[in-house]
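Undergrad: The sequence shown begins at 18 in the numbering used here and counts up by one.
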Amino acid sequence: MIHPKKQLGQNFLTSSDIAKKIADAGEIKASDTIIEIGPGTGILTEELIKTGAQILAIEKDFELIETLKKNIGTPKNLKLIHQDALWFSLDLIPKNYKVVANIPYNITSPLIRKFLDDKNKPSLMVLMVQKEVAERICAKAGSSDRGLLTLMVEFYADAEILFEVGKDNFYPVPKVDSAVIKITTKSHTGCADKSVQPDPDLFFKIVKAGFSSKRRQIHNSLSATLRLEKDITNNILRESKINPTLRAEDLTLKQWFYLFKTIEKIYTKEDE
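1. Which residue or residues does DSSP assign as beta-bridge partners of residue 187?
2. Quick one: residues in its chain with C-beta nearer than 6 Å to the C-beta of residue 279, no 5 flanking neighbours on either side, listed in chain order?
3. So, with DSSP's three-state summary, where would you put residue 175?
4. Identify the continuous beta strand (DSSP E) that holds residue 198 and give its terminal residues.
5. Would you call residue 14 buried or exposed, if buried means 16 or more other Cβ atoms sit within 10 Å of its Cβ?
6. Are the segment 128-137 and the segment 176-192 touching, with three or more C-beta to C-beta distances below 8 Å?
7. How would you label residue 91, buried or exposed, when you count the other beta carbons within 10 angstroms and need 16 or more for buried?
8. In three-state terms, what does DSSP make of residue 58?
9. According to DSSP, residue 12 sits in a beta bridge with which residue or residues?
10. Contact defined as beta carbons within less than 8 Å: I believe residue 160 pairs with residue 266. What is the distance between those atoms, to the nearest angstrom?
11. Considering only the beta carbon of each residue, do residue 200 and residue 276 sit closer than 9 Å?
12. Cutting at 6 Å between CB atoms, please list the residues of its own chain near residue 240, excluding the five before and the five after it.
13. Looking only at DSSP bridge pairs, what is residue 52 linked to?
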């Protein structure tokens, strides 16, 4: 009998049908390398193994590693890695790998940031996450669900919700429903205008400033966090063709890019 560890965010998927749907969504070929985070009891792992792809299953809980060995055995295309996924190095992973996983919900945001921020990004991620987190990731401009995680994903990838999964499909039964999302990495950062290819550090400094006081208008958030005079901030927003009374959640990715471009000019002048 497995006793899930609450501190590790363990809620095990119990439906093999849903596990197959997740694996199918990964469009996996035998030549692929797949990373699975938190394989748990192995219900999704078994579906991934059937594809013939090379599976790297990363599990922090040593007891579950032993359970997986008993449940699945040692197929040639499976490598079990006893490690915290947040500390796992992607340097040695082949390029164009995929991540297919029912991830521990308590590390969803840092885990997605880890993969998208790394120089060796996956070509595709199919992830089971909390339904409300999926909605936040895919939120459009004007939605109150929109936030820093939304922009992080949009900057590097395209995301969509594939299907929802009821909480009764897990053991123990969580308090919330889940959803499976598909995140497809872009070949370049997400600005159609190739003349605007932002430095991620400065770009996200600006985005974080905008969302620092989410309910405040964008001119107030930027002024306070970036320590700019209000008239300078308003000039920046006008030059970026952004209404200063909008909130951060109202801005499209394209507007954030042009805001970056305008602010970058100021930083460049200061460095001259």
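Think of the CB as a built atom: it goes at the ideal place given N, C-alpha and C, for glycine as much as any other residue.
TA: Per the coordinate set shown:
1. 30
2. 253, 256 and 257
3. strand
4. 195-202
5. Residue numbering for the chain in the displayed model covers 18 to 289; residue 14 lies beyond these limits and cannot be assessed.
6. no
7. exposed
8. coil
9. The first residue shown for the chain is 18 and the last is 289, placing residue 12 beyond what the model contains.
10. 6 Å
11. no
12. 247 and 250
13. 73 and 116
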